[in-house]
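This report concerns only the one structure given below.
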Amino acid sequence: GERFATMELVLPPLPFGYHNLEISAGDKNYRTLILSAPIHSYAEPGARKRWGAFLPMYAAHSKLSWGAGNFSDWERFSAWLGSQGGRVAGTLPLLAAFLDQPVCEPSPYSPVSRRFWNEFYLDIERVPEFAVCREAQALVRSKSFQENLRAFRRSEMIDYRAQWAARRKVLELLARYFFSKSTPRRAQFNQFLRERPEANDYAAFRAVCDKLKTSWHNWPQRMRVGRLRAGDYDEQAKRFHLYVQWLAHEQMDGLARRSEEKGVRLYLDLPLGVHPDGYDVWRERESFAMGANAGAPPDLFFSRGQDWGFAPLHPQRIRDSGYRYVLAYLRFQMRHAGMLRIDHVMGLHRLYWVPRGVEAGQGTYVNYPAEELHAIFNIESHRSRTVLVGENLGTVPPAVNQSMERHRLREMYVTQFEERPNPNEALRPPPALSVASLDTHDTPTFPAHWRGDDLADRVQLGLLSASEMKSSKKFREELKTALIGFLKREGFLKSRKPHARDVLRALLAWLWASRSEMVLVNMEDLWLETRPQNVPGTSSERPNWRGKARLTLEQISQDSRLRKLIPF
Numbered sequence: 239g240e241r242f243a244t245m246e247l248v249l250p251p252l253p254f255g256y257h258n259l260e261i262s263a264g265d266k267n268y269r270t271l272i273l274s275a276p277i278h279s280y281a282e283p284g285a286r287k288r289w290g291a292f293l294p295m296y297a298a299h300s301k302l303s304w305g306a307g308n309f310s311d312w313e314r315f316s317a318w319l320g321s322q323g324g325r326v327a328g329t330l331p332l333l334a335a336f337l338d339q340p341v342c343e344p345s346p347y348s349p350v351s352r353r354f355w356n357e358f359y360l361d362i363e364r365v366p367e368f369a370v371c372r373e374a375q376a377l378v379r380s381k382s383f384q385e386n387l388r389a390f391r392r393s394e395m396i397d398y399r400a401q402w403a404a405r406r407k408v409l410e411l412l413a414r415y416f417f418s419k420s421t422p423r424r425a426q427f428n429q430f431l432r433e434r435p436e437a438n439d440y441a442a443f444r445a446v447c448d449k450l451k452t453s454w455h456n457w458p459q460r461m462r463v464g465r466l467r468a469g470d471y472d473e474q475a476k477r478f479h480l481y482v483q484w485l486a487h488e489q490m491d492g493l494a495r496r497s498e499e500k501g502v503r504l505y506l507d508l509p510l511g512v513h514p515d516g517y518d519v520w521r522e523r524e525s526f527a528m529g530a531n532a533g534a535p536p537d538l539f540f541s542r543g544q545d546w547g548f549a550p551l552h553p554q555r556i557r558d559s560g561y562r563y564v565l566a567y568l569r570f571q572m573r574h575a576g577m578l579r580i581d582h583v584m585g586l587h588r589l590y591w592v593p594r595g596v597e598a599g600q601g602t603y604v605n606y607p608a609e610e611l612h613a614i615f616n617i618e619s620h621r622s623r624t625v626l627v628g629e630n631l632g633t634v635p636p637a638v639n640q641s642m643e644r645h646r647l648r649e650m651y652v653t654q655f656e657e658r659p660n661p662n663e664a665l666r667p668p669p670a671l672s673v674a675s676l677d678t679h680d681t682p683t684f685p686a687h688w689r690g691d692d693l694a695d696r697v698q699l700g701l702l703s704a705s706e707m708k709s710s711k712k713f714r715e716e717l718k719t720a721l722i723g724f725l726k727r728e729g730f731l732k733s734r735k736p737h738a739r740d741v742l743r744a745l746l747a748w749l750w751a752s753r754s755e756m757v758l759v760n761m762e763d764l765w766l767e768t769r770p771q772n773v774p775g776t777s778s779e780r781p782n783w784r785g786k787a788r789l790t791l792e793q794i795s796q797d798s799r800l801r802k803l804i805p806f
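Following the numbering used here, the numbering of the sequence shown begins with 239 at its first residue and continues without gaps.
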């Protein structure tokens with residue numbers, strides 16, 4: 239019994255960006271967001287083929303660092319890389335983490351927030367206040383502190399909780415000194431707070447975590463829903479968290495600027511999710527589907543499916559908010575990223591949700607507004623001049639790869655996923671718009687893959703039976719034989735009985751001769767590291783995210799044999 243009228247509104251050409259459209263109809267007003275976006279993501283004009291190197295920042299330690307890599311170490315690494323002709327320095331996410339309260343979670347893919355840096359990477363001796371704070375200097379020079387530093391430096395693995403406890407004692411002294419003095423740096427600090435007002439809220443959250451030592455899910459109701467008062471936390475703790483975030487902001491700015499001066503751009507990593515106990519979920523809870531976890535359905539490797547333990551973004555709510563949270567974390571990352579790897583790029587299209595309380599195999603896929611998300615990523619990539627790389631490894635729906643091609647996102651090409659037992663077609667040629675590599679942080683290193691160490695590890699983890707191990711090992715040998723024959727036929731491998739090092743160099747040369755836009759070299763492959771940085775599907779079973787590079791940065795820069803393995 240009601241009559242309706244359909245009207246068409248023709249808009250003029252709009253500049254790229256975000257536009258609010260308001261329409262009044264009778265006594266009602268309507269408002270919507272219009273995304274005017276370039277079809278393609280950003281590409282450097284006239285860019286030539288280039289190569290880069292990958293090494294987790296925590297692993298890139300030097301004789302000067304306190305047992306793990308830091309922003310200054312990474313600056314040294316990028317300077318060395320630039321001197322060798324490399325143009326991209328790639329690492330894992332550098333985002334804020336829980337390293338003491340309420341938990342210690344070293345995984346870079348489970349950050350407290352996607353809008354703040356990890357202060358663990360601070361070069362404390364480079365902080366201006368350290369040069370004038372005698373109390374902090376005395377602590378660092380003390381016998382017990384120096385003994386701890388020697389132990390941290392000797393260890394092959396990083397003990398995050400112990401290292402952070404030692405660093406925090408020094409940083410707390412520096413924070414106390416900073417806030418007790420009136421110096422020109424206070425103006426810089428205040429400017430940071432004006433530019434990043436959310437830092438106050440974040441610091442208060444971390445200060446409450448310090449005081450209550452439990453997840454926000456267990457806080458009193460008022461605090462749990464995001465309303466904090468001054469008495470809920472120690473003010474000195476809040477100032478500490480503000481101070482270290484400002485320092486991380488300063489050192490990250492310096493790293494990006496000085497790397498650019500050396501001709502090297504940073505290749506950063508945008509994780510798919512955030513820690514369920516973290517700041518982002520607490521403050522942005524309306525953006526998340528709190529009754530589910532993201533994961534993956536059953537497959538050949540994980541027959542029961544996977545539950546990754548973090549809440550997925552809610553597709554309708556992020557849309558209703560005008561993608562405010564998505565824009566916030568994108569702009570934060572892209573400010574420093576010459577290239578940005580989008581972890582699990584399929585998440586722009588769909589995510590596998592596992593309702594809380596059910597088995598991982600009982601989840602379902604939930605669709606996302608992919609074209610709107612691609613539009614936002616494209617707008618922001620052009621504004622910041624950031625090249626986007628989509629992690630599209632594994633089983634990827636055809637629509638995802640088609641969309642990546644349409645929007646000209648670079649894809650990842652990894653030889654371990656492309657091997658075939660046919661000597662004539664042992665490897666699929668890399669696409670032109672791709673970042674090509676031999677492995678990733680989630681796969682065995684090239685030497686371990688070549689030796690079959692990952693197969694033995696899967697038997698130990700109960701993922702392969704003895705009979706499956708036998709057939710898998712046989713198939714791996716077929717792949718190796720085919721690859722050797724292929725590289726010889728293509729003219730990249732000369733040795734009659736090639737060593738793993740020979741095949742590695744030949745593979746890199748083949749990738750360099752391909753159409754791929756960039757070749758990314760895993761530094762650990764060059765000294766034939768067999769220990770992986772991460773074994774997917776494990777946590778306490780394997781020392782994930784803790785392995786230091788076997789060579790210091792000084793040794794890397796002085797070892798000419800490493801550079802000879804890079805044939806470009």
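Heads up, the beta-carbon is just placed ideally off N, CA and C, and yes, glycines get one too.
Please read all numbers here as calculations on a predicted model, not as lab measurements.
- In this structure Glu649 is in contact with Asn630, their Cβ atoms being roughly 5 Å apart against a cut-off of 8 Å.
- Distance check between Leu510 and each of Pro635, Ala534, Ala400 and Arg391 places Ala534 closest, using alpha-carbon atoms only.
- According to the DSSP assignment, Ser418 belongs to the alpha helix (DSSP H) that extends over Tyr398 to Ser418.
- Here Leu676 is actually not in contact with Phe292; their C-beta atoms are around 10 Å apart, not less than 8 Å.
- Lys287 and Arg503 have their C-alpha atoms roughly 14 Å apart.
- Bridge pairing for Cys342: Leu337 [DSSP].
- If you check the CB distance, Lys301 and Glu706 do not come in under 8 Å.
- Take the alpha-carbon of Leu538 and the one of Pro682: they are about 17 Å apart.
- DSSP places Thr270 outside any alpha helix (DSSP H); the residue lies instead in the beta strand (DSSP E), whose first and last residues are Lys266 to Ser274.
- Pairwise C-beta distances place the stretch 614 to 630 in contact with the stretch 273 to 288, as three or more of them are shorter than 8 Å.
- If you check the CB distance, Asn356 and Leu333 come in under 8 Å.
- Gly290 has Val326 and Leu758 as its beta-bridge partners, per DSSP.
- One alpha carbon belongs to Leu699, the other to Gly284, and they sit about 48 Å apart.
- Here DSSP, grouped into helix, strand and coil, assigns Arg379 to helix.
- Taking a C-beta distance under 8 Å as the contact criterion, Phe570 and Arg352 qualify as a contact pair.
- Around the beta carbon of Asp361, 16 or more other beta carbons sit within 10 angstroms, so the residue counts as buried.
- Residue pairing by DSSP puts Met395 in a beta bridge opposite Gly785.
- Beta-carbon to beta-carbon, Ser641 and Ser754 are separated by about 20 Å, too far to satisfy the 8 Å threshold.
- Going by C-alpha positions, Arg644 is about 14 Å away from Pro669.
- In terms of Cβ geometry, Ala404 and Asn428 do not form a close pair [threshold 8 Å].
- Annotation: the continuous alpha helix (DSSP H) that includes Pro422 extends over Pro422 to Glu433.
- For Val350, there is no enclosing beta strand (DSSP E), since its DSSP letter is neither H nor E.
- Taking a cut-off of 8 Å for Cβ pairs, the stretch 399 to 419 and the stretch 309 to 319 do not touch, as fewer than three such pairs fall below it.
- Under the three-state reduction of DSSP, Tyr440 is assigned to helix.
- Assigned with DSSP and collapsed to three states, Glu716 falls in helix.
- About 6 Å separates the CB atoms of Trp402 and Phe358; that is less than 8 Å, so the two are in contact.
- Only residues of its own chain outside the window of five on either side were considered, and among them Gln339 and Pro340 have a CB closer than 8 Å to the CB of Lys451, listed in chain order.
- Contact check for Pro514 against Gly547 passes: the beta carbons are separated by less than 8 Å.
- Burial check for Thr633: the Cβ neighbour count within 10 Å stays below 16, so the residue is exposed.
- The Cβ atoms of Pro635 and His582 lie no closer than 8 Å to each other.
- Check the Cα spacing between Met395 and each of Ser418, Leu466 and His299: the tightest is with His299.
- Along the length of the stretch 462 to 519, whole beta strand (DSSP E) runs at least 3 residues long occupy 503 to 508, reported in chain order.
- Relative to the Cα of Phe713, the nearest Cα in the group Val248, His687, Ala306 and Leu725 belongs to His687.
- Of the residues Arg739, Pro770, Arg734 and Pro607, the one whose Cα lies closest to the Cα of Thr678 is Pro770.
- A residue is called buried once 16 or more other Cβ atoms fall within 10 Å of its Cβ, and Glu657 is buried on that count.
- In the DSSP assignment, Pro536 is bridged to no other residue.
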